[in-house]
Each structure stands twice: as structure tokens, then as C-alpha cells.
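**Q** Structure incoming, see below.
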């Protein structure tokens, strides 16, 4: 079995999914089940004081006993805020130390601020966190994040929630070639073919949220993404044929053709 | 009377109280939450022991859906 190993733990699925933007927890759970994902991202937010305490929570819908939680720092624009958020997450999840670090640059693009990301990664790794880090598709920064000790580097395909697909496959290939830790394409995937391409490039996994939650039928799209990631991985392992521009090659025998 | 800032909102209490009592006031007893006081995490094991003082700033968080 060709499995994914992150920080010494083995996963059979190479699709990681977010839990945001679904219409309710039933849909969240159904989509996650259809995706086959084992690792799911969650956000950390202030309690809604005054809320009915009997309301179901995300932890009831997708229990941490069944899924590997990946608390994120979405919405953080400084290293300090990201560090505080993940320390709260670790306390919330009983010492759970596998986290997704993202430090954003501005609310329009949600593009990663790599300077703050590097700062936060240094502190978090020293503090014992296993850091999976969202970053740009800059190969130099990706390598620096690995050198700091991040357990996975997660470059964007395109902007978060944009569905624009893979805009720079060459950078993703350079990053994959130069790093030893898993490289996970995070953000920008729009449809199944995008996920397959990410995997065909040799990336180790794909992380997505909006591509599934924002689809017309999220549960069906979750199933499509599962197949795309598996197909892309198998195609990568199989090794694609060389592209032969201007040179056709018949698939059927060239001899024994009637009338010849 | 003490004033605490809880998730950015000022709240008044007649006297200093432990974190566990604050959580009870907020109907959060038994809920999975994490508490930060003045920028420092307060572990669950210390919620009964730590007495909140006037001016303390608290963040109480939960896990929610996100990508």
C-alpha cells in the first residue's frame, strides 16, 4: 500500500479536507465520509457566549476519536496571533500537536505572509508542535520551512477559495523535488482534474475545502475528489509516457491491413 | 465588583471567581473549550484553582468548521 506518512504517522488517504462552508453538520459529515479523508482541518474561534449550550458542535459531528484534527490559524495576520491560536488549540484538543500554520498577508488575497509564517514556524517547532505549513509556491521559502523543522509544506495552487486550479505546476515540481517532507497542495483546487494534476506532479497529498463545500452537490464532489487523488497518485507512480510532439505512433499493428 | 473582559466583551462579577465558575456562568461547564488568561493558556486542570482578578482578559475558544 502506497501510504502517506506525516510526522511518523501513516495515512491511507492522500486527500485532506476542511470542515468549513457546509450548510450543516450532516452535510459536513457526509462529505467527509465520501472524501475518505482521515485528516480534517478545523478553525479555532471564540465561543459564542449566550448561544444555546445544547446546540450540536463540530466535535459531535466529526469526532476527534475518528478523524485526525488539524487545527488551523485561518484569519491570523501575525506570527503572534497564529502562535496563540495554536497553543489554545493544543489545550482544547488535549495536547494534540499536529497543526496547520497559516499566516495571511491581506484579507483580499489571503496570500500567505511568508515572513510572519517563518517566524511563527520557528517558535512553534521549538515549542514541540508538528507543523504543517501553508505557504506560497516559492521553492526557497518552502525549503526554509522544511529546514526549520515543519513536518509538511503546503504550497498553494492558487488563492484560497478561488477554484483557479494549479497556476504554477513548475514551482510545485521544484518544491517536490527539493524537499524531503510531504508536499501537500493546499488551496486553489477547483475541480477533480486539478486534484489529479497535483498528484500527477508528484505532490504527496491535496488539501481542499471550498472545492467540495462550494460545489453544487458537495457529497458527490467529495467522492469525485477521492477518485481524482487516487487516480493522480497511481498515474504518478505508473510514470506517464513521454509527450511526442509532431510524432504520432499507431496503437494497432501496422502490418496485415486488408488490401495492402 | 470586578470587571473581566471575556472574548472582547466586558462582564462584571460581584467578587473574584475561579475560571470554572466563570465557565458555569457562561453555560460552558462540560463543554470542550480552551481558556487563555492575559495571553497565557490556563490548563483545564487549573480551572478550579485560578482565581480571576479585576481587569483580567480572557479568551475562551472552541473548534468550528474551517479550511
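Residue numbers (my numbering), protein chains in the order written: chain Y, 265 to 524; chain P, 18 to 84.
Glycine included, every Cβ here is placed at the ideal spot set by N, Cα and C.
This structure is a prediction, so every number in the text was calculated from the model and none was measured.
Tell me residue 336 (chain Y)'s beta-bridge partners as DSSP assigns them.
**A** Counted from its first residue, the first chain places residue 336 (chain Y) at position 72. Y:364, per the DSSP bridge assignment.
**Q** So, residue 453 (chain Y) versus residue 477 (chain Y), is the Cβ gap smaller than 7 Å?
**A** For the purposes of this step, residue 453 (chain Y) is taken as residue 189 along the first chain, with counting starting at 1. For the purposes of this step, residue 477 (chain Y) is taken as residue 213 along the first chain, with counting starting at 1. No, the Cβ-Cβ distance between residue 453 (chain Y) and residue 477 (chain Y) is not below 7 Å.
**Q** Hey, how far is the Cα of residue 361 (chain Y) from the Cα of residue 81 (chain P)?
**A** For the purposes of this step, residue 361 (chain Y) is taken as residue 97 along the first chain, with counting starting at 1. For the purposes of this step, residue 81 (chain P) is taken as residue 64 along the second chain, with counting starting at 1. Their backbone Cα atoms lie some 18 Å apart in a straight line.
**Q** Indicate whether at least one CB of chain Y lies closer than 7 Å to the CB of residue 67 (chain P).
**A** One-based indexing of the second chain puts residue 67 (chain P) at position 50. Taking Cβ atoms only, chain Y never reaches closer than 7 Å to residue 67 (chain P), which makes this a no.
**Q** Taking CB distances under 7 Å as the criterion, tell me whether residue 19 (chain P) reaches chain Y.
**A** Translated into the one-based positions of the second chain, residue 19 (chain P) becomes position 2. No, because no Cβ of chain Y sits closer than 7 Å to the Cβ of residue 19 (chain P).
**Q** Name the residue from Y:461, Y:351, Y:311 whose alpha carbon lies nearest to the alpha carbon of residue 393 (chain Y).
**A** Indexing the first chain from 1 puts residue 393 (chain Y) at position 129. Residue 393 (chain Y) has its Cα closest to that of Y:351, out of Y:461, Y:351, Y:311.
**Q** Ordered along the chain, which non-local residues of its own chain (more than five positions away) have a Cβ less than 6 Å from that of residue 30 (chain P)?
**A** Numbered from its first residue, the second chain carries residue 30 (chain P) at position 13. 19.
**Q** Give the residues of chain Y in contact with residue 34 (chain P), contact being defined as C-beta atoms less than 7 Å apart.
**A** Translated into positions along the second chain, residue 34 (chain P) becomes position 17. Ordered by position in chain Y, no residue passes the 7 Å Cβ test against residue 34 (chain P), which lies about 16 Å from the chain.
**Q** Look at the Cβ atom of residue 83 (chain P), then the Cβ atom of residue 336 (chain Y), and state whether they are nearer than 7 Å.
**A** Looking up residue 83 (chain P) in the second chain gives position 66. Looking up residue 336 (chain Y) in the first chain gives position 72. Taking 7 Å as the Cβ cut-off, residue 83 (chain P) and residue 336 (chain Y) qualify as a contacting pair.
**Q** Shorter than 7 Å from the beta carbon of residue 51 (chain P) to some beta carbon of chain Y?
**A** In the second chain, the residue the question calls residue 51 (chain P) occupies position 34. Yes, residue 51 (chain P) lies at the interface with chain Y (some Cβ there is under 7 Å from its Cβ).
**Q** For residue 501 (chain Y) and residue 376 (chain Y), what's the separation of their Cα atoms in angstroms?
**A** In the first chain, the residue the question calls residue 501 (chain Y) occupies position 237. In the first chain, the residue the question calls residue 376 (chain Y) occupies position 112. So the alpha carbons of these two residues sit roughly 31 Å apart.
**Q** Mind checking whether residue 436 (chain Y) and residue 465 (chain Y) have CB atoms under 7 Å apart?
**A** Within the first chain, residue 436 (chain Y) is the residue found at index 172, counting from 1. Within the first chain, residue 465 (chain Y) is the residue found at index 201, counting from 1. Cβ atoms of residue 436 (chain Y) and residue 465 (chain Y): closer than 7 Å.
**Q** Between which two residues does the alpha helix (DSSP H) containing residue 496 (chain Y) stretch?
**A** Residue mapping note: residue 496 (chain Y) aligns to position 232 of the first chain, counting from 1. Here the alpha helix (DSSP H) through residue 496 (chain Y) covers 482 to 502.
**Q** List the endpoints of the continuous beta strand (DSSP E) containing residue 54 (chain P).
**A** Start at 1 with the first residue of the second chain, and residue 54 (chain P) comes out as number 37. Run containing residue 54 (chain P): 51 to 54, per the beta strand (DSSP E) assignment.
**Q** Along the chain, where does the alpha helix (DSSP H) containing residue 353 (chain Y) start, and where does it finish?
**A** Sequence index remark: in the first chain, residue 353 (chain Y) carries index 89 (1-based). Note, residue 353 (chain Y): alpha helix (DSSP H), 343 to 356.
**Q** Using DSSP with H/G/I as helix, E/B as strand and the rest coil, what is residue 28 (chain P)?
**A** Here residue 28 (chain P) refers to the residue found at position 11 when the second chain is read from its first residue. Three-state result, residue 28 (chain P): strand.
**Q** Along the chain, where does the beta strand (DSSP E) that runs through residue 309 (chain Y) open and close?
**A** Within the first chain, the letter at position 45 stands for residue 309 (chain Y). Looking at the DSSP string, the run of the beta strand (DSSP E) that includes residue 309 (chain Y) is 303 to 310.
**Q** Residue 446 (chain Y) by DSSP, collapsed to three states: which one?
**A** For the purposes of this step, residue 446 (chain Y) is identified with residue 182 of the first chain, where counting begins at 1. If DSSP states are grouped into helix, strand and coil, residue 446 (chain Y) belongs with coil.
**Q** Tell me which residue opens and which closes the alpha helix (DSSP H) that residue 48 (chain P) is part of.
**A** Residue 48 (chain P) sits at position 31 when you count from the first residue of the second chain. Residue 48 (chain P) -> no alpha helix (DSSP H), and no H or E assigned at all.
**Q** Taking 7 Å as the CB-CB limit, is residue 377 (chain Y) close to chain P?
**A** Taking the first residue of the first chain as 1, we reach residue 377 (chain Y) at position 113. Chain P contact via Cβ: absent.
**Q** Name the two residues that bound the continuous alpha helix (DSSP H) containing residue 403 (chain Y).
**A** Looking up residue 403 (chain Y) in the first chain gives position 139. Where residue 403 (chain Y) is concerned, the enclosing alpha helix (DSSP H) stretches over 403 to 412.
**Q** Give me the Cα-Cα distance between residue 309 (chain Y) and residue 76 (chain P), rounded to the nearest whole angstrom.
**A** For the purposes of this step, residue 309 (chain Y) is taken as the residue at position 45 of the first chain. For the purposes of this step, residue 76 (chain P) is taken as the residue at position 59 of the second chain. Computed Cα separation, rounded: 9 Å.
**Q** Would you report the Cα separation of residue 419 (chain Y) and residue 517 (chain Y), rounded to the nearest angstrom?
**A** Position 155 of the first chain holds residue 419 (chain Y). Position 253 of the first chain holds residue 517 (chain Y). Between residue 419 (chain Y) and residue 517 (chain Y), the C-alpha separation is close to 45 Å.
**Q** How should residue 66 (chain P) be labelled, buried or exposed, when 16 other C-beta atoms within 10 angstroms of its C-beta is the threshold for buried?
**A** One-based indexing of the second chain puts residue 66 (chain P) at position 49. Its Cβ having fewer than 16 others within 10 Å, residue 66 (chain P) is exposed.
**Q** Using a Cβ-Cβ cut-off of 7 Å, state whether residue 80 (chain P) counts as contacting chain Y.
**A** What you label residue 80 (chain P) is simply residue 63 of the second chain in a count that begins at 1. Yes, because at least one Cβ of chain Y sits closer than 7 Å to the Cβ of residue 80 (chain P).
**Q** For residue 511 (chain Y) and residue 505 (chain Y), I'd like the C-alpha separation in whole angstroms.
**A** As a first step, residue 511 (chain Y) must be located in the first chain, where it is residue number 247. As a first step, residue 505 (chain Y) must be located in the first chain, where it is residue number 241. Approximately 13 Å between the Cα atoms of the pair.
**Q** Nearest-angstrom Cα distance between residue 520 (chain Y) and residue 508 (chain Y)?
**A** If you number the first chain from 1, residue 520 (chain Y) lands on position 256. If you number the first chain from 1, residue 508 (chain Y) lands on position 244. So the two alpha carbons sit approximately 26 Å from each other.
**Q** Does residue 380 (chain Y) get closer than 7 Å to chain P when you measure Cβ to Cβ?
**A** Here the question's residue 380 (chain Y) lines up with position 116 in the first chain. No, because no Cβ of chain P sits closer than 7 Å to the Cβ of residue 380 (chain Y).
**Q** Can you pull the chain C neighbours of residue 338 (chain Y), defined as C-beta to C-beta under 9 Å?
**A** Looking for chain C here will not work: the only protein chains present are Y and P.
**Q** Under a three-way DSSP split, which group does residue 436 (chain Y) fall into?
**A** Your numbering for residue 436 (chain Y) matches position 172 in the first chain. The answer is helix: DSSP assigns residue 436 (chain Y) an H, G or I state.
**Q** Tell me which residues share the same chain as residue 460 (chain Y) and place their Cβ nearer than 6 Å to its Cβ, disregarding the 5 neighbours each side in the sequence.
**A** Taking the first residue of the first chain as position 1, residue 460 (chain Y) is located at position 196. Taken in chain order, the residues that qualify are 492, 495, 496.
**Q** Return the first residue and the last residue of the alpha helix (DSSP H) that residue 461 (chain Y) is part of.
**A** On the first chain, residue 461 (chain Y) is found 197 positions in, with the first residue counted as 1. Looking at the DSSP string, the run of the alpha helix (DSSP H) that includes residue 461 (chain Y) is 456 to 464.
**Q** Measure from the alpha carbon of residue 348 (chain Y) to the alpha carbon of each residue in P:53, P:25, P:36, P:38, then state which is nearest.
**A** Walking along the first chain from the start, residue 348 (chain Y) turns up at place 84. Nearest of P:53, P:25, P:36, P:38 to residue 348 (chain Y), Cα basis: P:53.
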